[in-house]
Ligand code: TUI
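In the numbering used here, the protein residues as written are 16 to 327.
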């Protein structure tokens with residue numbers, strides 16, 4: 016499946032694994048890259064030396080290119096940005112902010128820069144300051160989200176920029192990938208589907224919650240404080256939404272949410288943890304290895320749009 020994205024990133028299939036906080040560690044990233052996609056280590060709010068270690072471990076497991084996602088709200092973002100340049104990482108994806116101040120350093124180090132954006136305005140701005148490609152992420156996605164759906168965001172971003180666009184949010188099978196190509200994307204990024212992959216180190220309880228989830232099982236917390244986050248509904252989201260409706264302050268809500276994702280990923284706390292997942296959780300029914308998963312996605316896409324000119 017040759018597209019501008021596979022050429023840019025020197026990968027076989029234009030399938031990128033989301034750089035999910037806590038969930039996207041080196042075992043998963045290396046497995047996705049070995050399967051022909053682009054694995055991505057999520058730096059989340061971790062210290063820079065943890066990220067360096069992750070990069071070095073991933074290099075032991077794969078000779079293929081892989082990426083690092085930098086979460087721009089992290090207190091360690093400046094140091095993580097430097098580690099990415101120093102360690103010769105091939106690709107950086109960025110989330111939850113504007114990465115402009117690091118672009119010059121990354122470009123000088125030969126790192127391909129792919130900001131994740133949720134608006135046309137930021138897409139244009141990122142293209143102007145030298146982004147190589149963009150991930151346009153719709154509100155169907157898990158974790159920290161924007162307002163627009165993938166269906167409306169992707170074609171508007173495609174129309175607004177010249178660089179290739181990768182679609183994200185709500186994609187979990189070949190139908191989603193085919194739809195993304197029809198909307199003008201040259202690749203896809205998927206998160207939720209990879210959380211349950213065999214090589215993912217996420218706690219079994221969290222994986223099972225995704226496998227069990229139905230179409231209407233996600234909730235968005237944090238809208239009242241301008242920090243919307245999508246996760247599977249549980250006692251944690253219920254309590255959070257109740258407190259928001261009562262007018263809790265940002266500080267009170269932060270306290271309630273603190274450490275929730277770690278509790279879910281590491282301890283399997285599906286009651287009080289934050290089970291970040293996209294709306295496509297209802298489409299995720301089986302746990303495959305990354306190579307089985309990528310193979311299946313490619314086959315499904317091929318059956319729908321193979322030969323239609325979206326890729327070679
Ligand atoms: O970043 C994400 N998804 C994330 S980050 C994350 S970490 C977290 N951990 C604990 C609690 C809450 C979050 C979990 N999920 N996706 C990419 C993304 N970026 N979606 C939306 C945006 C975005 C939003 C606003 C990008 C830029 C922006 O404004 C930029 C500006 O300053 O103009």
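Built from N, CA and C at the ideal position, the CB exists for glycine as well.
Thinking residue i and residue j are a contact (beta carbons under 8 Å), I'd like their distance in whole angstroms, please.
i           : j           : result
residue 109 : residue 135 : Residue 109 to residue 135, Cβ: 17 Å. No contact.
residue 77  : residue 113 : Their Cβ separation, rounded to whole angstroms, is 30 Å, which puts residue 77 and residue 113 out of contact at 8 Å.
residue 289 : residue 43  : With a Cβ gap of about 19 Å, residue 289 and residue 43 do not count as contacting.
residue 271 : residue 254 : 7 Å
residue 102 : residue 67  : 6 Å
Could you check what DSSP says for residue i in three-state terms: helix, strand or coil?
i           : result
residue 6   : The question about residue 6 has no answer, for the chain in this structure spans 16 to 327.
residue 212 : coil
residue 18  : coil
residue 64  : helix
residue 84  : strand
residue 225 : helix
residue 231 : coil
residue 57  : strand
residue 288 : coil
residue 309 : helix
residue 283 : coil
residue 33  : coil
residue 321 : coil
residue 217 : coil
residue 299 : coil
residue 202 : strand
residue 41  : helix
Just to confirm before moving on: does the CB-CB distance between residue i and residue j stay below 8 Å?
i           : j           : result
residue 160 : residue 245 : yes
residue 129 : residue 104 : no
residue 210 : residue 111 : no
residue 201 : residue 170 : no
residue 330 : residue 51  : Residue 330 lies beyond the residue range present for the chain, which begins at 16 and ends at 327; the question has no answer from this structure.
residue 233 : residue 256 : no
residue 311 : residue 319 : no
residue 184 : residue 152 : yes
residue 150 : residue 208 : no
residue 198 : residue 212 : no
residue 117 : residue 96  : yes
residue 276 : residue 37  : yes
residue 193 : residue 18  : no
residue 206 : residue 35  : yes
Using a Cβ-Cβ cut-off of 8 Å, state whether residue i counts as contacting chain C.
i           : result
residue 160 : Annotation note: the requested chain C is absent from the structure, which comprises a single protein chain.
Q) Which parts of the stretch 244-274 are runs of the beta strand (DSSP E), unbroken and 3 residues or longer, counting only runs that do not cross its ends? A) Within the stretch 244-274, the complete beta strand (DSSP E) runs of at least 3 residues are 244-247.
Q) At what residue ranges does the stretch 154-189 contain a whole run of the alpha helix (DSSP H), taking only runs of 4 or more? A) If we require 4 residues or more, the alpha helix (DSSP H) runs fully inside the stretch 154-189 come out as 165-175.
Q) In the stretch 98-155, which residue ranges form an unbroken beta strand (DSSP E) of at least 3 residues, counting only runs that do not cross its ends? A) 106-110, 127-132 and 149-152, all fully within the stretch 98-155.
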